[in-house]
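To keep things clear, I will list the structure first and then write my remarks on it.
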Amino acid sequence: MNPNPMGLLTVIACLTISASTGCAQSTTTTQAAPELTRADKVVKTDAQWKQQLTPLEFQVTRLKGTERPGTGKLLKVKAPGTFTCKCCDLPLFDASTKFESGTGWPSFFKPIDEDAIIDVVDKSHFMTRTENICSRCGAHLGHVFTDGPAPTGLRYCMNSVSLKFQPKSKSEDSAAQSSGSGSAAKQSSGSGSASKQSSGSGSTTKQPADKQPMTSPKK
Ligand SMILES: [Zn+2]
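Counting in the numbering used here, the sequence shown runs from 5 upward without gaps.
If you want it as structure tokens, here you go:
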């Protein structure tokens, strides 16, 4: 009648958990590094990367390591902004596509640009997974799974140390300010002509002040 549904559920739950937490855990890999084809690709030696990165960042991004879940500094970031590559600053994910996956790694449902990330088949650890690397410098970022939320159904499970976060407020605000000051400058030039008007209307005492001035100063 009922073949022990709890046991079956337990097995399924275990499988699900191990799959969902199986994020970028490869430390050994035999796959050849895919060739970077971008015109602006960044190629450096291990020694150069080591100068630029912390040991953990180097281990994860250049040797395909994995940070411990729940330890990433960017895990809880919810502010608007852009997640870029730790190694080369290429924009990878918009903060609006980040979601709480419960895995302990920053998770996104869509890259900022289809060209930003390269998918690589990863057959390490007796699994076939899709590894994600930065298309500009080849940095190991994490893996993508197909159990993500709408609209893509994808879950980009990323190492926090592979990413940098650039809050939106700075660039956006400065852009808004500069455009704002631009219009303010226009206004002030407008008020300059207004002051001319007022001085003009001051001299033309015979005319009603609000009839003529709009047309005469423009000429
Ligand atoms: Zn990169």
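Built from N, CA and C at the ideal position, the CB exists for glycine as well.
Per the Cβ contact rule, the region 98-105 is not in contact with the region 51-60 (fewer than 3 Cβ pairs under 8 Å). Between V165 and E61, the beta carbon gap of about 5 Å places them in contact (Cβ cut-off 8 Å).
When DSSP reads this structure, N163 sits in no beta bridge, so it has no partner. Look at L94: its beta carbon is less than 7 Å from one of the heavy atoms in ligand 1.
Taking 8 Å as the upper bound for CB-CB distance, P110 and L78 are in contact here, some 5 Å apart. In the same chain as K114, and ignoring 5 residues on each side of it, the C-beta atoms closer than 6 Å to its own belong to T101, T156, in chain order.
For A43, the shortest separation between its Cβ and any heavy atom of ligand 1 does not lie below 7 Å.
Comparing alpha carbon positions, the residue from P38, G142, T150, K48 closest to L96 is G142.
With a cut-off of 7 Å, the C-beta of R66 is classified as distant from ligand 1, since no heavy atom of the ligand falls inside that distance. Taking the Cα positions, E104 is about 12 Å away from M162.
Burial is judged here by how many other beta carbons sit within 10 angstroms of a residue's own beta carbon; S173 has fewer than 16 and is exposed.
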